[in-house]
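Below: one structure, written as structure tokens.
Shown next as structure tokens:
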């Protein structure tokens, strides 16, 4: 692994994770093209790295919401949904991974660059929306909670 990529990987991963968490998206629109174009990783490694970032994001968000006194997390339903999502995902991964080798160059051209640009715009918009609308959204959240 190139040392420059290693030095850039952690801050880029943190930025992508923050942006994806703010808008509730997966990290793959940014992580996969970056790793395929700049890092020249295999599609499998890029997708698994993106999934690892998403796992950390989901765990941190669940931890913060779980500690919040106003928002309760239904752990039993969450685990049920998680198991329900893992089984089809595992089947899809089992079927899709052999095909990734056939289409490995698809993300290295224009589509990877377009994904990277669009993903960056989504993250930037999330940061701008978070800064501008933070007080408005808090007021709306209070009003919606009061109605219930």
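Numbering (the numbering used here), first residue to last: 49 to 196.
The beta carbon of each residue, even a glycine, is placed where N, CA and C say it ideally should be.
Collapsed DSSP secondary structure at residue i in the structure displayed
| i | result |
| --- | --- |
| residue 122 | coil |
| residue 73 | coil |
| residue 177 | helix |
| residue 107 | helix |
| residue 100 | helix |
| residue 116 | coil |
Nearest-angstrom Cβ-Cβ length linking residue i and residue j, presumed shorter than 8 Å
| i | j | result |
| --- | --- | --- |
| residue 67 | residue 175 | 7 Å |
Residue i vs residue j beta-carbon contact at 9 Å
| i | j | result |
| --- | --- | --- |
| residue 77 | residue 161 | no |
| residue 75 | residue 101 | yes |
| residue 163 | residue 104 | no |
| residue 87 | residue 110 | no |
| residue 108 | residue 69 | yes |
| residue 114 | residue 121 | yes |
Span of the alpha helix (DSSP H), counted from its first residue to its last, around residue i
| i | result |
| --- | --- |
| residue 87 | It is not in any alpha helix (DSSP H) - residue 87 carries neither H nor E in the DSSP assignment. |
When the options are compared against residue i, the one with the closest alpha-carbon
| i | options | result |
| --- | --- | --- |
| residue 84 | 141, 166, 98 | 98 |
| residue 19 | 93, 64, 113, 73 | Outside the shown range of the chain (49 to 196) lies residue 19, about which nothing can therefore be said. |
| residue 197 | 51, 139, 112, 106 | Residue 197 lies beyond the residue range present for the chain, which begins at 49 and ends at 196; the question has no answer from this structure. |
| residue 147 | 63, 64, 90 | 90 |
| residue 141 | 165, 125, 96 | 96 |
| residue 168 | 82, 51, 55 | 82 |
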